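Asker: Next up is a structure, given as C-alpha cells.
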Amino acid sequence: MSTGRIAVRYATPILELAVEKNVLDNVKADMESFISVCEENKDFSLMLKSPIIPHLKKAEILKKIFSGKVNDLTLQTFELLTRKSRENLLEAIAEEFLHLYNIKKGLAEVSVTTSIELDTDMRKAFEKLAKEISGKEPLLTEKVDPEIVGGYILRLGDRQLDDSVSGQLKELKLKFSKK
C-alpha cells in the first residue's frame, strides 16, 4: 500500500477523535510543530525512518521530546504508531492530518511561484484570485523561482495556472516544433 493511502488511513481517525475530544486546534498545532522538527532536524527524521533503531527506542525518544509539550491525544498517537511499526510514516501522517484539517475548515491550499517576492498588494490579489477560483478561503504559500523569468504559477490542489514567461516560451517552442 502506498504511503499516501496509509497516511490517510491514520490521519482520518486522528482528526475525528480530535474533533470528538474538542482538541482539534491543539492537535493541529502539535502536528505543525512535529513537521517543523522533522524539517529542521534531518537526523531526527532519519532516525524515525531507520530500520536499525528498535521501535521501543524510537518511542522513548518521541516521548522524551514531546511529553508535556503536546496534547495527550498527539502523544498517544505517536505511541500507537511506534507500537504498530509505523513511526517511519509519522511525518506523512502529520502532513495528511493538516491537509484534512484544511478541508474540514474550508480552507484551500494554494501555492504561488513568482520570480520575485510578493508585496502586500500582489499577495492580496493572488488571495482574491484563489478565492474566486476555489470558492474557499485560501492558505497561500509563496515560492520564489527566478527561472520562471516573470509572471506566476498558481497551484490550487490539482489545478495549475501557468502564466509565467518560461511557461509561455515552452508553449511557443511546442507550437513551432509541431509545424
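Note that my numbering has the sequence shown beginning at 13, numbered continuously upward.
Here a beta-carbon is modelled for each residue, glycine too, at the ideal position from N, C-alpha and C.
These numbers come from a predicted model, not from an experiment.
Pull up the distance between the alpha-carbon of Ala137 and that of Ser127, whole angstroms please.
Answerer: In a straight line, the C-alpha of Ala137 is about 16 Å away from that of Ser127.
Asker: Have a look at Phe56 and Gly179 and give me their C-alpha separation to the nearest angstrom.
Answerer: Those two C-alpha atoms are separated by around 38 Å.
Asker: Name, in chain order, the residues that DSSP records as bridge partners for Ser123.
Answerer: Ser123 is bridged to Thr153 and Arg167.
Asker: When you compare the CB positions of Ala120 and Leu168, do they come within less than 8 Å of one another, or not?
Answerer: It is a contact, given that the beta carbons lie within the stated cut-off.
Asker: Any chance the segment 141–158 sits against the segment 87–107, with 3 or more Cβ pairs inside 8 Å?
Answerer: No, they do not touch.
Asker: Who does Leu173 pair with in a DSSP beta bridge?
Answerer: Its beta-bridge partners are Leu166.
Asker: Closer than 8 Å by C-beta to Lys175: which residues in its own chain qualify, once you throw out the five before and the five after it? Chain order, please.
Answerer: Per the sequence shown, the amino acid found at residue 175 is Asp instead of Lys. Excluding positions up to five away in sequence, the list reads Gly163, Tyr164, Ile165 and Leu166.
Asker: When we look at the beta-carbon of Thr94 and count the other beta-carbons within 10 Å, is it buried (16 or more) or exposed?
Answerer: The residue in question, Thr94, is buried, as its Cβ has 16 or more Cβ neighbours within 10 Å.
Asker: Over the uninterrupted alpha helix (DSSP H) stretch that includes Gly16, give me the two end residues.
Answerer: Start and end: Thr15 to Glu32.
Asker: Along the chain, where does the alpha helix (DSSP H) that runs through Arg135 open and close?
Answerer: From DSSP, the alpha helix (DSSP H) with Arg135 extends over Thr132 to Ser146.
Asker: Alpha helix (DSSP H) containing Glu159: first to last residue?
Answerer: Taken as a continuous stretch (DSSP letters only), Glu159 belongs to no alpha helix (DSSP H), as it is neither H nor E.
Asker: Taking Cβ to Cβ, would you say Leu27 is nearer than 8 Å to Leu112?
Answerer: Yes.
Asker: Rounded to whole angstroms, how far is the Cβ of Asp170 from the Cβ of Thr125, which I believe are closer than 8 Å?
Answerer: That pair is no contact at about 16 Å.
Asker: What would DSSP say about Val39, mapped onto helix, strand or coil?
Answerer: Here Val39 sits in helix by DSSP.
Asker: Where Lys185 and Leu130 are concerned, what is the direct C-alpha to C-alpha distance, given to the nearest angstrom?
Answerer: So the alpha carbons of these two residues sit roughly 29 Å apart.
Asker: If you count every other CB in all the chains shown that lies within 10 Å of the CB of Thr89, and 16 or more means buried, which is it?
Answerer: Result: buried.
Asker: When we look at the beta-carbon of Thr153 and count the other beta-carbons within 10 Å, is it buried (16 or more) or exposed?
Answerer: Exposed.
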